[in-house]
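**Q** In the UniProt record's numbering, the protein residues as written are 1 to 678. Backbone N, C-alpha and C fix where the C-beta goes; we use that ideal spot for every residue, glycine too.
Written as structure tokens, this is what we have:
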């Protein structure tokens, strides 16, 4: 029989109640404790600080590394922990969320501002027992007197309930309405959402996991295990791929073969936005063996290259399986790792690493406690917007043994994130679910799950609903063309956010392997630049500032050879309306002219200014004259001698388009230069 101390109401609830809008405080700091458990080496599992914050495990009962547990299970002496909350409130309710072996709580005390311990709960000889595998929540409602405080002490008697007794969280409220906690499901998750098995062309009685969809959504790479056509031992894993057919179905899967697949376990981890770089688990050795790490293979005219190591500073994994999961962010400069290190909270955590100027990767840094728990966090994927992260966690209220969550990056440190949201029971199952992957269109997601599979894990597809979609992007693609020969030429292509011209992404264009492709986030404007030695860099402006939906843009970039007689239009040299005042952002284009002149010290150029035909002829001539003078002055300020720069004002006399529309007139308002001498 449970008896109260003072006048107390007690509920022991096995499961969830309705969610109320009350204000609840969760323990924010540990004041003291009698002992704390120990989990894996270097981890925070079962430590006293695991009691802080919201519950990590709901609605299951069982071992929970994200809970406080005394060091000695079944010990003869009472164990205790004292926690503090952010603010002192009139405590009308205390909720204690128990995990492993619940029912050992024997006493609860509220500590007021003077340090006085006021008993509000004491258990009799009998104890609470878990029913139907649900989590017991012990709710205490002190009614006389109601104490204003921000500190609670909890005492458990380990010898009352066999096994390690674990406390997940403690909450208090000034509202007597029962405190409850629900799974944090993404808003507006549709109840009729269906996961579709993508079929036997891809899935088999074996294991199909870790799908990686190409940004254009036309090729699906995945890892297959327990298949008779795998390289070496069929029990090992190989990388396979399938291509989307004209009827919308996936074609028969194809083993990628060597050099991607070896006789060891092989797995695909990610792909670059242009579809020409695959990231692969392991470091590949010339003798066919592999070691721990990450590699990349690039697509050339003869197929995929032998994988080259991606060197990561101090890259190691303390996890018992030594298996690291990697995700390369579409910007190509950021990597997410799921790995266990000495500062991990427990099991595998999410870490971030950044590409260095020497093309190696920085030492991984923890992405912080908003994402990581003392349980497993893994299978990371960053969407095309380079902001939306999907990952699997076993350390949060969930439906299975590892659910898929979504979180959004809040700044450029990659360590501040929104609270993760569960994708809901139509995505997550009672088993393990993970490896979310989404093409640039953002319409469908692919994932691995075992529920309703053909054997082991299969690959499924589902339609994304708005609240879990990544931000929309544009795919910009095209060729880089020699302005004289009109033939494609290899080049480097960069995008930079205007007007600051901060580099956003970079790809190498090889005409033998197809178009260049870049992913650009909406709500920005960009300068798209192509560079090649012996050519003047060309820049095109792309305005996505008002776009809100995915779009594909075709943009060929024309490079002008650096030789006498060539004329180059400076697309990004812009002036204030009807004035000879350069707009911010024009300097980048002019600085490229300066660089070219410095690299060719005998070169001489003529800067030509043009206007449209609107307004008075003489005023247009004067305006174009003033503008080329401003450009010449800028070049001279950067150290280019006066004699190497000639100017010519043409006004509206040399249009390159009709002046019938504003769009045509904009083409005529231009600044050019002509190479007079090399």
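1. Look up residue 622 in the DSSP assignment and say whether it is helix, strand or coil.
2. Assuming residue 495 contacts residue 516 under a Cβ cut-off of 8 Å, what Cβ separation, rounded to an integer in Å, is found between them?
3. So, at 8 Å on beta carbons, what are the nonlocal neighbours of residue 100 in its own chain, with the 5 sequence-adjacent residues on each side left out?
4. Report yes if the CB atom of residue 337 is closer than 8 Å to the CB atom of residue 326, and no otherwise.
5. What are the start and end residues of the beta strand (DSSP E) that includes residue 237?
6. Compare the Cα-Cα distances from residue 372 to each of 650, 419, 27 and 607 and report the closest residue.
7. Taking only three categories from DSSP, how would you classify residue 674?
8. Please report the distance separating the alpha-carbon of residue 672 from that of residue 541.
9. Once DSSP output is grouped into helix, strand and coil, what is the label at residue 465?
10. Of the choices 122, 629, 605 and 544, whose alpha-carbon is the least far from that of residue 582?
11. Can you tell me which of 552, 433 and 306 puts its alpha carbon nearest to the alpha carbon of residue 288?
12. What's the gap between the Cα of residue 109 and the Cα of residue 186?
13. DSSP state of residue 99, grouped into three classes?
14. Across which residues does DSSP place residue 541 in a beta bridge pair?
15. Out of 191, 155 and 142, point me to the one whose CA is closest to residue 177's CA.
16. How many Å lie between residue 31 and residue 84 at the Cα?
17. Can you give me the start and stop residues for the beta strand (DSSP E) that residue 407 sits inside?
18. Run the CB neighbour count on residue 169, radius 10 Å, all protein chains shown included, and call it buried at 16 or more, exposed below.
19. Following the continuous beta strand (DSSP E) through residue 389, name the residue where it begins and the one where it ends.
20. Determine the DSSP secondary structure at residue 593, reduced to helix, strand or coil.
21. Given a cut-off of 8 Å on the beta-carbon distance, is the pair residue 436 and residue 390 in contact?
22. Suppose you measure from the CA of residue 467 to the CA of residue 282; what does that come to, to the nearest Å?
23. Can you tell me whether residue 656 is buried or exposed, with buried defined as 16 or more other CB within 10 angstroms of its CB?
24. Quick one: is residue 616 buried, meaning 16 or more other Cβ sit within 10 Å of its Cβ, or exposed?
25. Can you tell me whether residue 340 is buried or exposed, with buried defined as 16 or more other CB within 10 angstroms of its CB?
26. Return the residue from the list 370, 498, 669 and 537 that minimises the CA-CA distance to residue 579.
27. Determine the burial state of residue 347: buried for a count of at least 16 other Cβ atoms within 10 Å of its Cβ, exposed for fewer.
28. Can you round the beta-carbon distance between residue 512 and residue 301 to whole angstroms, since I take them to be within the 8 Å contact cut?
29. Output the distance between the C-alpha atoms of residue 22 and residue 151, rounded to the nearest integer angstrom.
30. Mind checking who residue 646 pairs with in its DSSP beta bridge?
31. Less than 8 Å between the C-beta atoms of residue 374 and residue 98, yes or no?
32. If residue 584 sits next to residue 499, beta carbons under 8 Å apart, how far is it from one beta carbon to the other, in whole angstroms?
33. Within this structure, are the beta carbons of residue 274 and residue 440 separated by less than 8 Å?
34. Compute the Euclidean distance between the alpha carbons of residue 314 and residue 291, then round it to the nearest angstrom.
35. May I have the straight-line CA-CA distance separating residue 430 from residue 33, to the nearest angstrom?
36. Reducing DSSP to helix, strand and coil, say where residue 140 ends up.
**A** To lay it out plainly:
1. Numbered from 1 along the chain shown, position 622 holds the residue referred to as residue 622. Helix.
2. Against the chain shown, residue 495 aligns to sequence position 495. Against the chain shown, residue 516 aligns to sequence position 516. Their Cβ separation, rounded to whole angstroms, is 10 Å, which puts residue 495 and residue 516 out of contact at 8 Å.
3. Locating residue 100 in the chain shown gives position 100, counting from the first residue. Spatial neighbours of residue 100 in its own chain (CB-CB distance under 8 Å, excluding positions within 5 residues in sequence) are listed in chain order as 61, 62, 63, 64, 67, 69, 163, 164, 165 and 166.
4. Here residue 337 refers to the residue found at position 337 when the chain shown is read from its first residue. Here residue 326 refers to the residue found at position 326 when the chain shown is read from its first residue. In this structure, residue 326 lies closer than 8 Å to residue 337 by Cβ.
5. Residue mapping note: residue 237 aligns to position 237 of the chain shown, counting from 1. Its beta strand (DSSP E) spans residues 237-243.
6. Taking the chain shown and counting its residues from 1, one reaches residue 372 at position 372. Selected option, being the one with the closest Cα: 419.
7. Counted from its first residue, the chain shown places residue 674 at position 674. Reduced to three states, the DSSP call for residue 674 is strand.
8. As a working mapping, residue 672 is identified with position 672 in the chain shown. As a working mapping, residue 541 is identified with position 541 in the chain shown. Rounded to the nearest angstrom, the two C-alpha atoms are 16 Å apart.
9. Residue mapping note: residue 465 aligns to position 465 of the chain shown, counting from 1. In the structure shown, residue 465 adopts coil according to DSSP, grouped into three states.
10. Here the question's residue 582 lines up with position 582 in the chain shown. When each option's Cα is compared against that of residue 582, the closest is 629.
11. Indexing the chain shown from 1 puts residue 288 at position 288. Among 552, 433 and 306, the Cα nearest to that of residue 288 belongs to 306.
12. For the purposes of this step, residue 109 is taken as the residue at position 109 of the chain shown. For the purposes of this step, residue 186 is taken as the residue at position 186 of the chain shown. Residue 186 has its alpha-carbon roughly 36 Å from the corresponding atom of residue 109.
13. Here residue 99 refers to the residue found at position 99 when the chain shown is read from its first residue. Residue 99 falls in the coil class under three-state DSSP.
14. For the purposes of this step, residue 541 is taken as the residue at position 541 of the chain shown. Per DSSP, the beta bridge partners of residue 541 are 527.
15. As a working note, residue 177 is residue 177 in the chain shown. It is 142 whose Cα lies nearest to the Cα of residue 177.
16. Position 31 of the chain shown, counted from the start, is the residue given in the question as residue 31. Position 84 of the chain shown, counted from the start, is the residue given in the question as residue 84. One C-alpha to the other measures close to 6 Å.
17. Along the chain shown, read from residue 1 onward, the residue named residue 407 stands at position 407. Note, residue 407: beta strand (DSSP E), 403-408.
18. Counting from 1 along the chain shown, the entry for residue 169 is found at position 169. With 16 or more neighbouring CB atoms inside 10 Å of its own CB, residue 169 falls in the buried class.
19. If you number the chain shown from 1, residue 389 lands on position 389. Residue 389 -> beta strand (DSSP E) spans 388-393.
20. Residue numbering aside, residue 593 sits at position 593 when the chain shown is read from its first letter. Correct three-state label for residue 593: helix.
21. In the chain shown, the residue the question calls residue 436 occupies position 436. In the chain shown, the residue the question calls residue 390 occupies position 390. Yes; because the gap between Cβ atoms is below 8 Å, this pair is in contact.
22. One-based indexing of the chain shown puts residue 467 at position 467. One-based indexing of the chain shown puts residue 282 at position 282. Each residue's alpha carbon lies about 35 Å from the other.
23. Position 656 of the chain shown, counting from 1, holds the residue named residue 656. Flag for residue 656 reads exposed.
24. The sequence position of residue 616 within the chain shown is 616, counting from 1. Exposed.
25. Taking the first residue of the chain shown as position 1, residue 340 is located at position 340. By the 10 Å Cβ count, residue 340 comes out buried.
26. Against the chain shown, residue 579 aligns to sequence position 579. The residue with the shortest Cα to Cα distance from residue 579 is 669.
27. For the purposes of this step, residue 347 is taken as residue 347 along the chain shown, with counting starting at 1. Under this definition residue 347 is a buried residue.
28. Locating residue 512 in the chain shown gives position 512, counting from the first residue. Locating residue 301 in the chain shown gives position 301, counting from the first residue. Yes, residue 512 and residue 301 are in contact; Cβ-Cβ is about 4 Å, under 8 Å.
29. Position 22 of the chain shown, counted from the first residue, corresponds to residue 22. Position 151 of the chain shown, counted from the first residue, corresponds to residue 151. Going by the C-alpha atoms only, they are around 20 Å apart.
30. As a first step, residue 646 is located in the chain shown; it is residue number 646 there, counting from the start. DSSP, once it has assigned bridges, lists 606 as partnering residue 646.
31. Here residue 374 refers to the residue found at position 374 of the chain shown. Here residue 98 refers to the residue found at position 98 of the chain shown. No. Outside cutoff.
32. Within the chain shown, numbered from 1, the residue matching residue 584 stands at position 584. Within the chain shown, numbered from 1, the residue matching residue 499 stands at position 499. At roughly 5 Å, the Cβ-Cβ gap stays under 8 Å, so residue 584 and residue 499 are in contact.
33. Along the chain shown, one-based indexing puts residue 274 at 274. Along the chain shown, one-based indexing puts residue 440 at 440. Going by C-beta atoms, residue 274 is not nearer than 8 Å to residue 440.
34. Sequence index remark: in the chain shown, residue 314 carries index 314 (1-based). Sequence index remark: in the chain shown, residue 291 carries index 291 (1-based). Each residue's alpha carbon lies about 15 Å from the other.
35. Numbered from 1 along the chain shown, position 430 holds the residue referred to as residue 430. Numbered from 1 along the chain shown, position 33 holds the residue referred to as residue 33. Straight-line measurement puts the Cα of residue 33 at about 35 Å from the Cα of residue 430.
36. Here the question's residue 140 lines up with position 140 in the chain shown. Looking at residue 140 - three-state DSSP - the assignment turns out to be strand.
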